[in-house]
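Visitor: One structure follows; several queries about it will come next.
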Amino acid sequence: MKSVSPRRLAAIAFLVSFFSLNAHATHFGLNDVTILLPLPPIDQIAELIAPAATGSRGVLLPKDIYFRFPALDSSFDAQTLYDRDFKVIGIRIDPCFAEGSSTTCRKQIRLVWQPVQEVVGATVTLDAALHTFYEFNDSEWNELVREWSPLAKGNLTES
């Protein structure tokens, strides 16, 4: 039996949370679905989602955008944080985000990035974070749910 990678674990956590919601619910609460990824053993840190990972729209956190922000932690080299340490540690699934008094629904996934490092033989995160927002139209959202639905049925095999 294969071990489940952190990426696969994130997908499983999403599906368990998302599909356990009432299938007929049309309104979601203020905190819809948030997944905090477990910190992996040291030898699996590199398997966490990194900024340079690509999705259907390209790089998840392009380097040129990352470097527009002030340094998250001045005691660490920003380039090293981006290239080696920055990882997704949380995912927020919001099928109906409405900001302020707006009634317009926007389907979003937000990724929470933190530097993940080895310190004295343990996996830890630094107290600094960046959130990125990804919006989906109805077709893209439905495709995302369709692609992940086998996991909700217990299909945990690597593809």
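In this text, residue positions in the sequence shown follow the numbering used here: the first is 5, and each later residue adds one. C-beta: ideal position from N, C-alpha, C; glycine also.
How would you call residue 111, buried or exposed, if buried means at least 16 neighbouring beta carbons within 10 angstroms?
Guide: Its Cβ being crowded by 16 or more others within 10 Å, residue 111 is buried.
Visitor: Looking at residue 129 and residue 93, is the spacing between their C-beta atoms short of 8 Å?
Guide: Contact: yes.
Visitor: Excluding five sequence neighbours on each side, which residues of the same chain lie with their C-beta closer than 7 Å to the C-beta of residue 133?
Guide: The residues are 116, 117 and 118.
Visitor: Straight-line CA distance for residue 136 to residue 55?
Guide: Computed Cα separation, rounded: 10 Å.
Visitor: Quick check on DSSP: helix, strand or coil for residue 76?
Guide: Residue state, collapsed to three classes: coil.
Visitor: Mind checking who residue 40 pairs with in its DSSP beta bridge?
Guide: Paired residue(s): 94.
Visitor: Would you call residue 29 buried or exposed, if buried means 16 or more other Cβ atoms sit within 10 Å of its Cβ?
Guide: Confidence at residue 29 is low in this model, with a pLDDT of 40, below 50, so its placement is unreliable and the value that follows should be read with caution. Result: exposed.
Visitor: Given residue 124, which residues of its chain have a CB within under 6 Å of its CB, disregarding the five upstream and five downstream residues?
Guide: Cβ within range, chain order: n/a, list empty.
Visitor: Smallest Cα separation from residue 39: which of 97, 87 and 45?
Guide: When each option's Cα is compared against that of residue 39, the closest is 97.
Visitor: Using DSSP with H/G/I as helix, E/B as strand and the rest coil, what is residue 66?
Guide: Here residue 66 sits in coil by DSSP.
Visitor: Identify the continuous beta strand (DSSP E) that holds residue 113 and give its terminal residues.
Guide: Its beta strand (DSSP E) spans residues 110-123.
Visitor: Buried or exposed: where does residue 67 fall if 16 or more other Cβ atoms within 10 Å of its Cβ makes it buried?
Guide: So residue 67 ends up on the exposed side.
Visitor: Across which residues does DSSP place residue 128 in a beta bridge pair?
Guide: Answer by DSSP bridge pairing, in chain order: 121.
Visitor: Just the Cα atoms here: how many angstroms apart are residue 86 and residue 41?
Guide: Near 19 Å, if we compare the C-alpha coordinates of residue 41 and residue 86.
Visitor: Would you say residue 91 and residue 120 are within 8 Å of each other, going by their C-beta atoms?
Guide: Closer than 8 Å, so yes.
Visitor: DSSP three-state label for residue 103, please.
Guide: Reduced to three states, the DSSP call for residue 103 is coil.
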